[in-house]
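According to the numbering used here, the residues represented by the sequence shown are -14 to 372, in order.
Think of the CB as a built atom: it goes at the ideal place given N, C-alpha and C, for glycine as much as any other residue.
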Amino acid sequence: MGGGTIGGWAACFLREAGLSVLLVEAGTLGCGASSRAAGMVRAQGGTEAAVRLGVWSQAFYRGQRERYGVDSGFVETGYYMPCFSEADVATARDRIARQREWGLAAEWVDPDDVDARNPAMAPGRTWGASYYAGDGWVDPPRNVLAYATVLATSGVRVWERTAFTGLVTAGGRVTGVETSRGEVGCSSVVLTGGPRLAAVGAAAGAQRIWSGGTRHQVVVTAAHPGLAADRLPMVFDVASGIYWRPEDGGLLWGMSNPDEPPGEAVDFDQGYFARMRARMAALVPVTAGLGLRRQWAATIDYTPDHLPILGPLLAADGSPVAGAWVAAAGGHGMMWGPGVSRAAADLALAGTTEVVDVTDLGMDRFDSSGRSRLAADPIALPFPAQA
Ligand SMILES: Cc1cc2nc3c(=O)[nH]c(=O)nc-3n(C[C@H](O)[C@H](O)[C@H](O)COP(=O)(O)OP(=O)(O)OC[C@H]3O[C@@H](n4cnc5c(N)ncnc54)[C@H](O)[C@@H]3O)c2cc1C
């Protein structure tokens, strides 16, 4: 259910396992967050789950062409997360140590090397950076094209412009779904919906799913020789919630306002952009006064702890609905998407997965106010702090 990257790839994986699969999509494939993303693909996470999902997804992107004959345009450029204070350095070094324990070859880079390896960045500003060479980006529309191709060639039935409107159960087990085209019998269902997943859960008569939506903005500057791809690896300034990468000879950068209230929002917030533009000009001076080639705002999904939701759908009384599974990427559907989809498919097939330990990732980790019992992933955009 849901034809974004999570539902799309999950349907492909379920079909590969031999199931007869129907994908129900209210709009058209990729019409939600998945076609509007910036495409940043980072395995440098702040939790073990984030690292494992990132590593799994990067391996998937690398092997896509050989496996399916199509790919999502994954480019590995390496990703810097600069430090701007002594405290940042201590945090980064501690994080790198844990990431290495989890099998990620993240590194510490000294300030002079950060400057030498980031010619587009203003020199002398950082205290060094954490770095992972395998991080990179995908081309989000190309990713939609990739799973749409696999869906079509593998024989998944796709119903676009068809809304999921309810779940049919008998004795606590799924027996079908209600859609705007009528009822369809099935023995298992994977519910996705990105920023609209909470509404999907409500339609299913479930307990509230704590996955929300909020505005996120991306711009692409005009081309400039100082922004050539070989001068511009990916960078995430976590404290100000800005990240950037090369795009078409210019710089693509994304930003989220921590004071933004939750809710669907697609209008571009010029005031916030102007504030962030000043920060960007301080960090990458050639962007100052540079024209824009594109700008957009779209609703990004988020969870209160910035972690994915993977587990059984819980009915209003808290009991799991047998055969119904929930999958949400918590705003990281490019970097974790294939891993989340694979884990959701595994759960639907066998009730267990080896992609990531899902013991604590279910809907039941949130209390009735949306507070998670897990510590939030510290490497995330400054989404609304409240649920
Ligand atoms: C501007 C922006 C930039 C981003 N940048 C990045 C990035 O750089 N890196 C990264 O990792 N992530 C990024 N993200 C987040 C990423 O795009 C999402 O996490 C991911 O696309 C979520 O995938 P999804 O399939 O869960 O949701 P979606 O792509 O939103 O798909 C959900 C689908 O469900 C459908 N649906 C909803 N309700 C129903 C219903 N009742 N019946 C049937 N269908 C329904 C919708 O129409 C939609 O097509 C970004 C997001 C935005 C908006």
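Next on the checklist: In whole angstroms, give me the CA-to-CA distance for LEU152 and CYS171.
Outcome noted: 10 Å
Checklist entry - How would you call TRP281, buried or exposed, if buried means at least 16 neighbouring beta carbons within 10 angstroms? => result exposed
Checklist entry - Is the distance from the Cβ of TRP(-6) to the Cβ of PRO323 below 9 Å? => result yes
Item to check | Candidates ARG260, VAL271, ILE227, LEU176: closest to PRO210 by CA position | outcome: VAL271
Checklist entry - Under the rule that 16 or more other beta-carbon atoms within 10 Å means buried, what is SER304, buried or exposed? => result exposed
Next on the checklist: Check for me: the beta strand (DSSP E) holding ILE285 runs from which residue to which?
Outcome noted: 277 to 287
Item to check | alpha helix (DSSP H) segment containing ALA335, residue limits | outcome: 322 to 335
Checklist entry - Taking DSSP as the reference, what is the three-state secondary structure of GLY170? => result strand
Checklist entry - Which one of PRO104, LEU(-1), VAL159 has the shortest CA to CA distance from LEU299? => result VAL159
Item to check | Contact check, ARG21 vs PHE221, beta carbons under 9 Å | outcome: no
Next on the checklist: Please determine whether the Cβ atom of ASP252 lies at a distance below 8 Å from any heavy atom of ligand 1.
Outcome noted: no
Next on the checklist: Restricting to Cα atoms, I'd like to know which of ILE364, THR76, PRO289 is closest to PRO247.
Outcome noted: PRO289
Checklist entry - Fully enclosed by the stretch 60 to 129, which beta strand (DSSP E) runs are 3 residues long or longer? => result 64 to 67, 92 to 94, 114 to 117
Item to check | Contacts around ARG166, its chain only, beta-carbon distance under 6 Å, and the 5 residues preceding and following it disregarded | outcome: THR147
Next on the checklist: Whether or not the stretch 307 to 317 and the stretch 173 to 189 are in contact is what I'm after, with contact meaning three or more pairs of Cβ atoms, one per stretch, closer than 8 Å; do they touch?
Outcome noted: yes
Item to check | Classification of PRO243 by the beta-carbon crowding that lies within 10 angstroms, buried from 16 upward | outcome: exposed
Item to check | Three-way DSSP call (helix, strand, coil) for THR160 in this model | outcome: strand
Checklist entry - Among residues of its own chain, excluding the 5 on either side of VAL251, which ones have a beta-carbon nearer than 7 Å to its beta-carbon? => result ALA282, ALA283, THR284
Checklist entry - Within this structure, are the beta carbons of ARG0 and ASP56 separated by less than 9 Å? => result no
Next on the checklist: So, under 8 Å CB-CB, ARG264 and ILE227 are touching, yes? Tell me the CB distance rounded to an integer number of Å.
Outcome noted: 6 Å
Next on the checklist: Does LEU292 come out as helix, strand or coil in the three-state DSSP assignment?
Outcome noted: coil
Item to check | Candidates VAL36, SER115, PHE69, of which the one nearest ASP79 by Cα | outcome: SER115
Item to check | Length of the line joining the Cα atoms of GLY31 and PRO363 | outcome: 6 Å
Checklist entry - Under a Cβ-count criterion, where at least 16 other Cβ atoms within 10 Å of its own Cβ denotes burial, should LEU236 be classed as buried or exposed? => result buried
Item to check | Which of helix, strand or coil DSSP assigns to SER357 | outcome: strand
Checklist entry - Within the chosen definition, does the stretch 185 to 198 reach the stretch 328 to 340 through at least 3 CB pairs nearer than 8 Å? => result no
Checklist entry - Between VAL123 and GLY24, which are expected to be in contact by the criterion C-beta below 8 Å, what is the C-beta distance as a whole number of angstroms? => result 5 Å
Checklist entry - Which of the three DSSP states, helix, strand or coil, is assigned to VAL175? => result strand
Next on the checklist: Does VAL311 come out as helix, strand or coil in the three-state DSSP assignment?
Outcome noted: strand
Checklist entry - Using the C-alpha atoms, what's the distance from PHE351 back to ARG358? => result 6 Å
Checklist entry - Using a threshold of 8 Å, is the CB atom of ALA133 nearer than that to any non-hydrogen atom of ligand 1? => result no
Checklist entry - With DSSP run on the structure shown, which of helix, strand or coil describes PRO367? => result coil
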